[in-house]
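First up is the structure itself, then whatever we jot down about it.
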Amino acid sequence: MQAYLTSGATPHALLSAAVSLTYNLPHLCGLGGDAIIMQSTPHNLAIFNGTGRTGFHQHHDNYLHKGLVSIPRRGIYSTMIYGCPSAYDRYTRLHDIDLNGVFKHLHDNDLKHGVVASSSLIQAFDNSTKDSLRQTRFSQWNKYFIQQQDPAPFYRQTLATLAREGFASMYRGQLAAQVFDALSTCDPHLYTPEDFSDFTPNPSEVKKTTFMHANVTAHGSNSPWKELFLLLKVYQWSAEDTALLTPAQLCTAAGLIDSWVASPLSSETHSDDSLSQQAALIYQQLKFDNPEPVPQLSKPSHTIFMACAEADGTLTGITNSIFTPLGSLFEIDDTGIILSNRAFSFNGPHLGSTFKGNTAAKHTTNCVRVTTDHLEFIIGTSGGPVQSQTLAYVIYKIIAEQCPVQTALSSPRFANLGRHPKTNGITYLSESAQTNPIFTCTHGLSDKFGVVQLAGINTLTGQVFAAADPRGSGVALAV
2 MQAYLTSGAT
12 PHALLSAAVS
22 LTYNLPHLCG
32 LGGDAIIMQS
42 TPHNLAIFNG
52 TGRTGFHQHH
62 DNYLHKGLVS
72 IPRRGIYSTM
82 IYGCPSAYDR
92 YTRLHDIDLN
102 GVFKHLHDND
112 LKHGVVASSS
122 LIQAFDNSTK
132 DSLRQTRFSQ
142 WNKYFIQQQD
152 PAPFYRQTLA
162 TLAREGFASM
172 YRGQLAAQVF
182 DALSTCDPHL
192 YTPEDFSDFT
202 PNPSEVKKTT
212 FMHANVTAHG
222 SNSPWKELFL
232 LLKVYQWSAE
242 DTALLTPAQL
252 CTAAGLIDSW
262 VASPLSSETH
272 SDDSLSQQAA
282 LIYQQLKFDN
292 PEPVPQLSKP
302 SHTIFMACAE
312 ADGTLTGITN
322 SIFTPLGSLF
332 EIDDTGIILS
342 NRAFSFNGPH
352 LGSTFKGNTA
362 AKHTTNCVRV
372 TTDHLEFIIG
382 TSGGPVQSQT
392 LAYVIYKIIA
402 EQCPVQTALS
412 SPRFANLGRH
422 PKTNGITYLS
432 ESAQTNPIFT
442 CTHGLSDKFG
452 VVQLAGINTL
462 TGQVFAAADP
472 RGSGVALAV
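Going by this note's numbering, 69 is the number at position 68 of the sequence shown; the sequence numbering is gapless.
Following this line, the structure appears as structure tokens:
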């Protein structure tokens, strides 16, 4: 990747890093999952929605016929048609990226050193063995974890196929055939060949709001952008009042926002003015009614995020996910590709009406651009229940409190984690001691609050900057 960066071929470097993570962070991301790419230039904003869709036969009635009253967490019935390769394909064509060169460089300079056996990867594998393993296929990755076998044979073959056929191979080429054959072996009536060959990317949508003196832009289609924007507006009400909301009140705000977004009224609210009115109501409720703690909804998601800023003003953010760690535990033999378990996210009180064929699942709010009169940056974080809360908090620290970027990332956070699965009690978590007994304290920085990456440019001086969260490892580049 370093060679690409020094030669000015930044898109090549970013794609190389993204594909590398398929094998170095296989528990969090990969070609068998979803991706969203946001690229901002001084005169244009492009978003590639690489989220997936359910297959034609994936719907509630068919699952009931198979004896499934809910969608399992693991195995073939938790899978969906992936969208990641479609986003990578469009990004590749936009920048005329030489895939042969990228994959050769990746093989010679990165993957030849073997997969990085990070502690989170090993922990994810150990935890996965506690789940039901019905309808899973994980023997080749299992051999890597248990016997430390080199995964080079299957990633070498996959990269060679992608270099020859492009990312479209995952829909209409050799890799698509391998994926379909593997799935059909387990259930010949779950997917059709056309689910892959006729795959159409979900629409990309740009959503905008203002926060203090900044403009905020997020990916809107099938993502929880309303939660992020509402929380930013509550933060602004607090910053402009005589007394700031407490961490407990801001955690409760996250729960109130989630409850409202889940209501029928939210589906009829799309304008920024309407969201501002709703934020004002929530703020007044927090300030004068002293509501009881409200849990936010469960959001078991994990992602990776990369941020890059170039001296010409180009900002790029790439997020990639296979949903929960190690996804569906369904691998495609001799490819190293693990399919995501994103279908599992349809579970809930509205499963019967929302789980339908050829439907996108609700995804992540990532790739957020923030601009002021002198700063432009792109920001994202790992997934999970704290994502909108963490993004809003960091943006608040940078814009409202004018903290240096690294200080904002390192500042202690707090978040509403919803109901704890063991106690069913509401969990408000904080990295610093709080006087309110509702909080559980981590007594230090914790990746439970997400791992943020950020990159940007000072438009007055032309200086590019990047910052990575001390809570974990990540990719943030200033070129």
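Cβ atoms here follow ideal geometry from the backbone N, Cα and C, with glycine treated the same way. All values reported here derive from a predicted model rather than from experimental measurement.
Spatial neighbours of R138 in its chain, beta-carbon cut-off 6 Å, leaving aside the 5 residues before and after: For R138, same chain residues with a beta-carbon under 6 Å away, outside a window of 5 residues either side, are F331 and E332 in chain order.
Supposed contact pair A36 and G84 - C-beta distance, whole angstroms, cut 8 Å: 7 Å
Unbroken stretches of the alpha helix (DSSP H), 4 residues or longer, contained in the region 320-371: Whole alpha helix (DSSP H) segments, 4+ residues: 352-355.
Host alpha helix (DSSP H) of Q179 (start-end): Q175 to C187
Close Cβ partners of V295 (< 6 Å) along its chain, the five nearest in sequence each way excluded: T253, G256 and L257
Meets three-Cβ-pair contact criterion under 8 Å: the region 196-208 and the region 40-50: yes
Endpoints, beta strand (DSSP E) assigned at S41: D35 to T42
Validate contact between the region 90-98 and the region 241-248 using beta carbons, cut 8 Å, 3 pairs: no
Distance CB(N321)-CB(T304) smaller than 8 Å: yes
Expected contact under 8 Å - CB spacing of L430 and P471 to nearest Å: About 17 Å; that fails the 8 Å criterion.
Other residues of its chain near G473: CB distance less than 6 Å, five sequence neighbours each side excluded: D448 and V452
Contact belief for A393 with Y236 at Cβ below 8 Å, rounded distance in angstroms: 6 Å
Where T1 falls: helix, strand or coil (DSSP): The displayed coordinates of the chain run from 2 to 480. Any statement about residue 1 would go beyond what the structure contains.
Exposed unless 16 or more other CB atoms sit within 10 angstroms - verdict on D259: Buried is the call here.
Delimiting residues of the beta strand (DSSP E) encompassing T201: No beta strand (DSSP E) contains T201, which DSSP labels as neither H nor E.
CA-to-CA distance, E206 to K131, given in whole angstroms: 39 Å
Pairwise C-alpha distance: P43 and F378: 12 Å
Proximity below 8 Å, CB of K208 to CB of A219: yes
CB of P386 within 8 Å of CB of L418, strictly: Against a cut-off of 8 Å, the Cβ pair of L418 and P386 comes out as a contact.
For M213, three-class secondary structure by DSSP: coil
Neighbour-count burial assignment, E432, 16 or more Cβ in a 10 Å radius: buried
G337 burial status per 10 Å Cβ neighbour count (16 or more: buried): buried
Bounding residues of the beta strand (DSSP E) (the contiguous stretch that carries N437): Bounds of any beta strand (DSSP E) do not take in N437, whose DSSP letter is neither H nor E.
Same chain only: Cβ atoms within 6 Å of L251, ignoring 5 sequence neighbours per side: Result list for L251: empty, nothing under 6 Å.
K113 - DSSP class collapsed to helix/strand/coil: helix
Closest by C-alpha distance to Q141, when choosing among V406, Y156 and L282: Y156
Where V20 sits in the DSSP three-state scheme: helix
Among Q403, C30, L410 and G56, the one whose alpha carbon lies nearest that of H190: G56
Distance, S185 Cα to H58 Cα: 13 Å
Option nearest T355 by Cα separation, candidates H60, L231, A19 and L29: H60
Contacting residues, own chain, Cβ-Cβ under 6 Å from F146 (five flanking each side not counted): F126
First and last residue of the uninterrupted alpha helix (DSSP H) at Q250: P248 to V262
G53 vs I339 beta-carbon contact at 8 Å: No. Outside cutoff.
Segment limits, alpha helix (DSSP H) that includes I48: Secondary structure note for I48: it is in no alpha helix (DSSP H), and the uninterrupted beta strand (DSSP E) holding it is N45 to G51.
Buried versus exposed call for H364 [16 or more other C-beta atoms within 10 Å across all chains shown]: buried
C-beta atoms of Q40 and T247 nearer than 8 Å: no
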